[in-house]
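Asks: Residue numbers (our numbering): 42 to 341.
Quick one: structure below, then a few questions.
This is the structure we're talking about:
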């Protein structure tokens, strides 16, 4: 990673960029400061750089740290953004770009006694910097080129395989991100190859053993529900979805069948046990149901 940062190989990978179907940009690693070396090189002050011991060597004595969020850091970032997007435009690949528009989480997915690993001040600063960068990219790219997520999905997984972090999200986020990437990349291929007939996506039949997963949270005085399909640990797409909001096991509200795997409900006025039931219907009208208790998204 440090070697790639030095070489800036990405800007020279013209053949790979020119043949790419999709170019996914994630700005989470832009949280680091920059280091200006006496030799004129500019590199990221990443954890990998710190572990390499490079900054302790005599040859780089007198290096300068450029803090994230500073005017100088932002000016350099803008230069880099325009250079990279300009290269993609020259390759006719600007339409292939997707930006993963995420923010640092400030809470765990579920209520817990564990202390959140990062303070609110640091989270707010990181998200302010991300918002600024997304704003700069939105002036160049179309709004359809951004993956957008509900606040309930941008929560941290306390038991994430890579450890606890404000940007190691809950499982439902990754499922939603994959679904959006697949959907948007299909649209891109249709635009870039207008004369090519593409087979429609066939929803998996219920008899195939497909599983329906559902999660529901109360966020900002509203109930947010999301479901997804999976089979053999692989995400699936297609089909129609419906949702029931249950109070003490009785249907209180419904969102009838449509393509969207997301639903929102107002919180009922009267108390009771809240659950969401999600339904999947395949092309043969066979149905699958999954039910989940509604949880209150934890606060930091």
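Glycine included, every Cβ here is placed at the ideal spot set by N, Cα and C.
Could you pull out every residue in the same chain whose Cβ sits closer than 8 Å to the Cβ of residue 240, ignoring the five residues on either side in sequence?
Replies: Confidence in residue 240 is poor, its pLDDT being 48 and thus under 50, which makes the residue's placement too unreliable to answer from.
Asks: Looking at residue 207 and residue 264, is the spacing between their C-beta atoms short of 8 Å?
Replies: no
Asks: CB-CB under 6 Å to residue 323, same chain, minus the five flanking residues each way: which ones, in chain order?
Replies: Answer for residue 323: 244, 246, 247 and 280, listed in chain order.
Asks: Does the segment 144-164 come within contact of the segment 182-199, defined as at least 3 CB pairs closer than 8 Å?
Replies: yes
Asks: Select from 282, 254, 138 and 67 the residue whose C-alpha is nearest the C-alpha of residue 60.
Replies: With distances taken between Cα atoms, residue 60 lies closest to 138.
Asks: Tell me residue 252's beta-bridge partners as DSSP assigns them.
Replies: 271
Asks: Across which residues does DSSP place residue 283 in a beta bridge pair?
Replies: 320
Asks: Is it true that the CB of residue 294 sits closer than 8 Å to the CB of residue 282?
Replies: no
Asks: How should residue 317 be labelled, buried or exposed, when 16 other C-beta atoms within 10 angstroms of its C-beta is the threshold for buried?
Replies: buried
Asks: Can you name the residues that DSSP bridges to residue 140?
Replies: 66 and 187
Asks: Starting from residue 39, follow the beta strand (DSSP E) in both directions and report where the run begins and ends.
Replies: Absent from the structure is residue 39, since the part of the chain shown begins at 42 and ends at 341.
Asks: Determine the contact status of residue 178 and residue 140, defining contact as a CB-CB distance below 8 Å.
Replies: yes
Asks: Helix, strand or coil, according to DSSP, for residue 168 in the structure here?
Replies: helix
Asks: Thinking just about the alpha-carbon of each residue, which of 122, 92, 329 and 157 is nearest to the one in residue 320?
Replies: 329
Asks: Would you kindly work out how many angstroms separate the C-alpha atoms of residue 93 and residue 148, rounded to a whole number?
Replies: 32 Å
Asks: For residue 284 versus residue 266, is the C-beta distance shorter than 8 Å?
Replies: Taking 8 Å as the Cβ cut-off, residue 284 and residue 266 qualify as a contacting pair.
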